[in-house]
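A.B. asks: Residue numbers (our numbering): 187 to 601. Ideal Cβ positions, reconstructed from N, Cα and C, are used throughout, including at glycine.
#1: Is the distance from the Cβ of residue 361 to the Cβ of residue 338 below 8 Å?
#2: If you reduce the DSSP assignment to three classes, tell me which class residue 305 lands in.
#3: Are the stretch 585-601 and the stretch 358-372 in contact at 8 Å, needing three or more beta carbon pairs?
#4: Kindly indicate which residue of 367, 454, 446 and 476 has the alpha-carbon position closest to the one of residue 399.
#5: Could you tell me the boundaries of the alpha helix (DSSP H) in which residue 271 lies?
#6: Note down the Cα distance separating residue 199 from residue 450, rounded to an integer number of angstroms.
#7: State buried or exposed for residue 389, treating a residue as buried only when at least 16 other CB atoms are found within 10 Å of its CB.
#8: Quick one: Cα of residue 232 to Cα of residue 308, how far?
#9: Roughly how many angstroms separate the alpha carbons of residue 396 and residue 439, rounded to a whole number?
#10: Just verifying my parser: in three-state terms, what is the DSSP assignment at residue 351?
#11: Can you check whether the C-beta of residue 366 is within less than 8 Å of a C-beta belonging to chain C?
#12: According to the Cβ coordinates, are residue 448 and residue 504 closer than 8 Å?
#13: Would you kindly check if the distance between the Cβ of residue 461 and the Cβ of residue 484 is under 8 Å?
#14: The beta strand (DSSP E) that contains residue 527, what's its start and end?
#15: With DSSP collapsed to three states, give me the class of residue 395.
#16: Which value, in whole angstroms, describes the spacing of the CA atoms of residue 470 and residue 250?
#17: Leaving aside the five residues before and after residue 441 along the sequence, list all residues of the same chain whose C-beta is less than 6 Å from its C-beta, in chain order.
#18: Pull up the DSSP beta-bridge partners for residue 444, would you.
#19: Is the beta carbon of residue 385 closer than 8 Å to that of residue 520?
#20: Enumerate in chain order the residues of its own chain whose CB-to-CB distance from residue 417 is below 7 Å, with the five nearest sequence positions on each side excluded.
#21: Suppose you measure from the CA of residue 319 to the CA of residue 531; what does that come to, to the nearest Å?
#22: Can you give me the start and stop residues for the alpha helix (DSSP H) that residue 168 sits inside?
#23: Report the start-end ranges of each alpha helix (DSSP H) in the stretch 540-564 that is 4 residues or longer and not cut off at the edges.
#24: Roughly how far, in whole angstroms, is the beta-carbon of residue 556 from the beta-carbon of residue 480, given that I think they are within contact range, below 8 Å?
#25: In three-state DSSP terms, what is residue 195?
#26: For residue 228, does the three-state DSSP call read helix, strand or coil?
#27: Count the other CB atoms within 10 Å of the CB of residue 344; is the residue buried (16 or more) or exposed (fewer)?
#28: What are the start and end residues of the alpha helix (DSSP H) that includes residue 365?
#29: Which of the three DSSP states is assigned to residue 254 in this structure?
#30: In angstroms with no decimal places, state the Cα-to-Cα distance between residue 212 and residue 277.
#31: What's the gap between the Cα of residue 566 and the Cα of residue 222?
#32: Between the beta-carbon of residue 541 and the beta-carbon of residue 577, is there less than 8 Å?
#33: On the three-state DSSP scale, how would you describe residue 453?
#34: Tell me which same chain residues have a C-beta within less than 7 Å of the C-beta of residue 582, skipping the five on either side of it?
#35: Decide if the stretch 233-247 is in contact with the stretch 256-267; the criterion is three or more beta carbon pairs, one per stretch, under 8 Å apart.
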């Protein structure tokens with residue numbers, strides 16, 4: 187497994203960081219830090235889970251100031267986001283799921299409680315935590331339409347793993363029912379809601395927007411279209427729509443934010459093929475001349491999605507025009523922006539349905555519908571503002587998952 191891991195790193199043009207941590211070895215400084223106070227261990231596999239955990243981390247920090255918060259990730263992009271969270275005391279890479287590795291790590295960290303964000307099933311880790319008497323809590327749990335049939339095939343294997351959790355806090359009643367069908371016990375289960383609704387809406391002043399546009403070299407007089415978390419197969423469609431909008435004489439700039447920044451070289455080739463000038467975010471400076479209408483800003487950095495959504499007229503969320511399952515659809519609503527997304531949002535089925543019902547988001551089934559809806563929104567700024575406000579109201583109406591999850595975590599710690 188380890189050689190394969192390194193080969194993947196070479197293939198994607200980056201070395202794999204944290205290999206010692208993944209194998210269960212820590213520096214003397216890391217061990218000393220982890221042994222200073224009791225530890226609450228939160229695990230979030232990648233970027234989406236790390237962002238989703240932010241309200242819970244904030245609440246844990248406030249309620250348990252005498253504990254250390256350890257946040258672990260599997261992916262490097264998730265780890266990069268985790269390092270920016272000020273509520274966390276220590277960020278490490280999650281160990282490989284070998285019995286000897288996870289046992290070494292659990293004995294070294296000795297957490298009072300382990301919180302796993304969304305549905306991350308690591309059999310050896312869960313088994314070793316149980317053997318050591320460490321409570322396990324699944325938070326923001328979900329069972330996607332795609333995963334459910336697969337899990338049912340291995341139900342006899344999955345049942346004892348699920349029953350090893352002290353508590354299973356699920357996003358929705360459907361998720362709770364599905365995990366019960368897979369073998370979870372009713373006393374473990376609670377429908378706590380979705381943590382993503384507990385992010386605080388951001389009010390961005392016109393002065394802040396102007397400053398952000400200056401930072402990103404975006405001119406004031408053009409409309410900004412932002413496509414976040416895009417995947418292979420989506421940029422081609424987005425560029426085709428963009429070119430058609432430009433052919434209509436519209437003054438626009440497209441901002442592309444690939445889900446995986448290492449794909450930017452591939453996306454740059456697409457820009458060249460389409461005859462579109464592109465600029466990497468990492469190459470910008472505030473002294474540089476603003477981008478021109480018809481150009482593309484290609485974001486090869488992490489942690490800037492919300493700032494770029496803030497300066498947009500329209501947001502499209504990727505992973506949805508191709509069968510990936512979608513990404514966080516609520517981030518645009520936090521900033522009062524209308525959101526477009528494709529048909530493949532099975533990982534966000536409840537959120538997407540609520541956005542559509544509230545009039546805060548529009549689902550497009552293909553490239554042609556994306557073009558049509560983009561035109562309608564660009565031509566109707568009043569509608570866009572109303573959609574943005576509807577999104578904010580939706581978030582406020584569905585908040586509360588953090589409080590309910592914290593109540594369950596508190597009971598687990600007391601017991």
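C.D. replies: The answer reads as follows:
#1: By one-based count along the chain shown, residue 361 stands at place 175. By one-based count along the chain shown, residue 338 stands at place 152. In this structure, residue 361 lies away from residue 338, with their beta-carbon atoms at least 8 Å apart.
#2: Locating residue 305 in the chain shown gives position 119, counting from the first residue. In the three-state reduction of the DSSP assignment, residue 305 falls in the coil class, being assigned neither a helical nor a strand state.
#3: Too few Cβ pairs lie closer than 8 Å, so no.
#4: To locate residue 399, count along the chain shown from 1; it is residue 213. Taking each of 367, 454, 446 and 476 in turn and checking the Cα distance to residue 399, the smallest one comes out for 476.
#5: Taking the chain shown and counting its residues from 1, one reaches residue 271 at position 85. Premise fails: residue 271 is in no alpha helix (DSSP H) and is neither H nor E.
#6: Here residue 199 corresponds to residue number 13 of the chain shown, with the count starting at 1. Here residue 450 corresponds to residue number 264 of the chain shown, with the count starting at 1. With a pLDDT of only 41 at residue 199, under 50, the local geometry of the prediction cannot be trusted, and the value read off the model is given with reservation. One Cα belongs to residue 199, the other to residue 450, and the distance between them is close to 11 Å.
#7: By 1-based counting over the chain shown, the position of residue 389 is 203. With fewer than 16 other Cβ atoms within 10 Å, it is exposed.
#8: Indexing the chain shown from 1 puts residue 232 at position 46. Indexing the chain shown from 1 puts residue 308 at position 122. Looking at the two C-alpha atoms, the distance is approximately 15 Å.
#9: The sequence position of residue 396 within the chain shown is 210, counting from 1. The sequence position of residue 439 within the chain shown is 253, counting from 1. Approximately 16 Å between the Cα atoms of the pair.
#10: The residue you call residue 351 lines up with position 165 of the chain shown. Note: residue 351 maps to coil in three-state DSSP.
#11: Absent here is chain C; the protein component of the structure consists of one chain.
#12: Within the chain shown, residue 448 is the residue found at index 262, counting from 1. Within the chain shown, residue 504 is the residue found at index 318, counting from 1. For residue 448 and residue 504, no; Cβs fall outside 8 Å.
#13: Working through the chain shown from its first residue, we reach residue 484 at position 298. Working through the chain shown from its first residue, we reach residue 461 at position 275. No, the pair does not count as a contact, with Cβ atoms beyond the cut-off.
#14: For the purposes of this step, residue 527 is taken as residue 341 along the chain shown, with counting starting at 1. From DSSP, the beta strand (DSSP E) with residue 527 extends over 525-527.
#15: Position 209 of the chain shown, counting from 1, holds the residue named residue 395. Helix, per DSSP.
#16: Looking up residue 470 in the chain shown gives position 284. Looking up residue 250 in the chain shown gives position 64. A direct Cα-to-Cα measurement between residue 470 and residue 250 gives close to 41 Å.
#17: Locating residue 441 in the chain shown gives position 255, counting from the first residue. Counting only Cβ-Cβ distances below 6 Å, and skipping sequence neighbours, we find 412, 483 and 494.
#18: Within the chain shown, numbered from 1, the residue matching residue 444 stands at position 258. According to DSSP, which records beta bridges pairwise, residue 444 is partnered with 416.
#19: For this step, residue 520 is matched to residue 334 along the chain shown. For this step, residue 385 is matched to residue 199 along the chain shown. It is a contact, given that the beta carbons lie within the stated cut-off.
#20: Stepping through the chain shown from its first residue, residue 417 is reached at position 231. Non-local C-beta neighbours of residue 417 in its own chain, meaning closer than 7 Å and more than five positions away in sequence, comprise 445, 504, 505, 508 and 510, ordered along the chain.
#21: As a first step, residue 319 must be located in the chain shown, where it is residue number 133. As a first step, residue 531 must be located in the chain shown, where it is residue number 345. Cα to Cα, residue 319 sits roughly 38 Å from residue 531.
#22: Look at the range of the chain in this structure, 187 to 601, and you will see that residue 168 is not part of it.
#23: Runs found: 553-564.
#24: Position 370 of the chain shown holds residue 556. Position 294 of the chain shown holds residue 480. The Cβ separation is near 18 Å, so there is no contact.
#25: Here residue 195 is taken as the residue at index 9 of the chain shown, counted from 1. Confidence in residue 195 is poor, its pLDDT being 49 and thus under 50, which makes the residue's placement too unreliable to answer from.
#26: In the chain shown, counting from the first residue as 1, residue 228 sits at position 42. In the structure shown, residue 228 adopts extended strand secondary structure according to DSSP, grouped into three states.
#27: Position 158 of the chain shown, counted from the start, is the residue given in the question as residue 344. With 16 or more Cβ atoms within 10 Å of its Cβ, residue 344 is classed as buried.
#28: Taking the chain shown and counting its residues from 1, the one referred to as residue 365 is at position 179. 359-367 is the span of the alpha helix (DSSP H), which, as asked, contains residue 365.
#29: To locate residue 254, count along the chain shown from 1; it is residue 68. For residue 254, the three-state secondary structure derived from DSSP is strand.
#30: Counting from 1 along the chain shown, the entry for residue 212 is found at position 26. Counting from 1 along the chain shown, the entry for residue 277 is found at position 91. Inter-residue distance for residue 212 and residue 277 is about 12 Å (C-alpha atoms, whole angstroms).
#31: One-based indexing of the chain shown puts residue 566 at position 380. One-based indexing of the chain shown puts residue 222 at position 36. Distance between the alpha carbons of residue 566 and residue 222 is about 57 Å.
#32: Counting from 1 along the chain shown, the entry for residue 541 is found at position 355. Counting from 1 along the chain shown, the entry for residue 577 is found at position 391. Result yes, Cβ atoms of residue 541 and residue 577 sit closer than 8 Å.
#33: Your numbering for residue 453 matches position 267 in the chain shown. Residue state, collapsed to three classes: helix.
#34: Here residue 582 refers to the residue found at position 396 when the chain shown is read from its first residue. The answer is none, since no qualifying residue turns up.
#35: Yes, since at least three Cβ pairs between the stretch 233-247 and the stretch 256-267 fall closer than 8 Å, the two stretches touch.
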